[in-house]
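S.K.:
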Amino acid sequence: DQQVKQNSPSLSVQEGRISILNCDYTNSMFDYFLWYKKYPAEGPTFLISISSIKDKNEDGRFTVFLNKSAKHLSLHIVPSQPGDSAVYFCAASVLGGSNYKLTFGKGTLLTVNP
Amino acid sequence: EAQVTQNPRYLITVTGKKLTVTCSQNMNHEYMSWYRQDPGLGLRQIYYSMNVEVTDKGDVPEGYKVSRKEKRNFPLILESPSPNQTSLYFCASSSVRQLSQAFFGQGTRLTVV
């Protein structure tokens, strides 16, 4: 049973436009959500996170929105740049649990075209 | 520079030949874990460690062992590798103050033939 779902395997946008990556989750115990970015031949790197007590968190060009009632979060990148081309993983965690593991989605490949 | 270092980066081995993938972090993190990434399955946790001498199973522990004798090191051991363990492996570490914000190593691509 996949608890974190990224239903779009890939997304292609033009440079300067907005990229919107979506993520859904099924486990209502999740209370902390993260986005990781992964370039080929590298490990994932932390991008941005949000706690379940918030509905929005912003860091420069990146904004994450959380809709708890819909169990949905999204990552907005504005404006998109060619260097943003990478695989983006949505992840969720239960803070204060016995295992601080991250449950990952399958990832979305973002391609930003010049 | 803060980093998580895995070795080797690439490994091809034969079924049944014991191997160890090393992981070392220089951030004094308490929490370390291993993930495997497979096409269509994302990253799945194999084992984790909350501190020295404290380890436990993740979601897919079968066929793997770990040890945590020192805080900085968390090796992944495959006693008898099989082809279904062909995968991309990542080690990660976190501090107790930011447990969910893990730092990942560069990955080890393992092929078992």
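Sequence lines, in order, name chains A and B. 35 is the number of the first residue of the first sequence in the numbering used here; add one for each residue after it. 12 is the number of the first residue of the second sequence in the numbering used here; add one for each residue after it. We put the CB at the ideal spot given by N, CA and C, even for glycine.
(1) Using a Cβ-Cβ distance cut-off of 8 Å, determine whether leucine 22(B) contacts chain A.
(2) Please report the residue range of the beta strand (DSSP E) in which arginine 55(B) lies.
(3) Which whole-angstrom value is the C-beta distance of proline 74(A) and phenylalanine 115(B), which I expect to be below 8 Å?
(4) Check each candidate in Thr97(B), Arg83(B), Gln48(B) and name the one with the smallest Cα separation from leucine 89(B).
(5) Using only CA atoms, which one of Gly27(B), Leu87(B), Asn18(B), Ser78(B) lies nearest to valine 123(B)?
(6) I want to see whether chain B comes within less than 8 Å of leucine 109(A), judged by CB atoms only; does it?
(7) DSSP on asparagine 101(A), reduced to helix/strand/coil?
(8) Less than 8 Å between CB atoms is the rule here; does glycine 94(A) satisfy it with respect to chain B?
(9) Determine whether the Cβ of alanine 13(B) lies closer than 8 Å to any Cβ atom of chain A.
(10) Strictly below 7 Å CB to CB, what residues from chain B border lysine 71(A)?
(11) Which ranges would you report for the beta strand (DSSP E) in the segment 81 to 139 of chain A if only whole runs of at least 3 residues count?
(12) Determine the burial state of tyrosine 21(B): buried for a count of at least 16 other Cβ atoms within 10 Å of its Cβ, exposed for fewer.
(13) Less than 8 Å between CB atoms is the rule here; does leucine 87(B) satisfy it with respect to chain A?
(14) Which complete beta strand (DSSP E) runs does the segment 13 to 50 of chain B hold, if anything under 3 residues is left out?
(15) Determine the chain B residues that contact phenylalanine 64(A) at a beta-carbon separation under 8 Å, and present them in chain order.
(16) I'd like to know whether the C-beta atoms of serine 91(B) and lysine 29(B) end up nearer to each other than 8 Å.
(17) Measuring only between beta-carbons, confirm whether serine 98(B) sits less than 8 Å from chain A.
M.R.: Let me lay it out:
(1) For leucine 22(B), no Cβ of chain A is located within less than 8 Å of the residue's own Cβ.
(2) 53 to 62 is the extent of the beta strand (DSSP E) around arginine 55(B).
(3) Not quite, the Cβ-Cβ distance comes to about 14 Å (not below 8 Å), so this is no contact.
(4) Residue Thr97(B) is the option with its Cα nearest to leucine 89(B).
(5) Gly27(B)
(6) Closer than 8 Å: no.
(7) strand
(8) It does not: the Cβ of glycine 94(A) has no partner Cβ on chain B nearer than 8 Å.
(9) no
(10) Going along chain B, no residue has its Cβ under 7 Å from lysine 71(A), so there is no contact; the nearest lies around 11 Å.
(11) With a minimum length of 3 residues, the continuous beta strand (DSSP E) runs that stay inside the segment 81 to 139 of chain A are 90 to 93, 96 to 101, 106 to 111, 120 to 127.
(12) exposed
(13) no
(14) DSSP runs (the beta strand (DSSP E)) wholly in the segment 13 to 50 of chain B: 15 to 18, 21 to 24, 30 to 36, 42 to 49.
(15) Within chain B, no C-beta atom comes less than 8 Å from the C-beta of phenylalanine 64(A); the nearest is roughly 10 Å away.
(16) yes
(17) no
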